[in-house]
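Using the UniProt record's numbering, you'd call the opening residue of the sequence shown number 1 and step up by one each time.
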Amino acid sequence: MSKEEIMEANLWESMRINHLDRNDAVNATARALTENGLTFLAAKNLHQLK
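1. By the three-class DSSP mapping on this structure, what secondary structure does Asn18 have?
2. Quick one: Cα of Ser34 to Cα of Ala9, how far?
3. Do you know how far the Cα of Arg31 is from the Cα of Arg22?
4. Tell me the DSSP secondary structure of Ala25 in three-state form.
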């Protein structure tokens, strides 16, 4: 679906809110893992550029 189609169907705001909700969920999961002693490295630290 193109941006133009999304705008014409008035879906932009719903998709924006959905995206923000997903970000909140990822942050809540990371916070819960950290609070319970499950630390992790950011993905950029796991991969090496050659």
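Positions of the beta carbon are idealized from the N, C-alpha and C atoms, including for glycine.
Here the structure is a predicted model, which means the values were calculated and not measured.
Once the coordinates are examined:
1. DSSP places Asn18 in helix when its eight states are reduced to three.
2. Before going further, note that residue 34 is Thr rather than Ser in the sequence given. Cα-Cα distance, rounded: 40 Å.
3. Going by the C-alpha atoms only, they are around 14 Å apart.
4. In the structure shown, Ala25 adopts helical secondary structure according to DSSP, grouped into three states.
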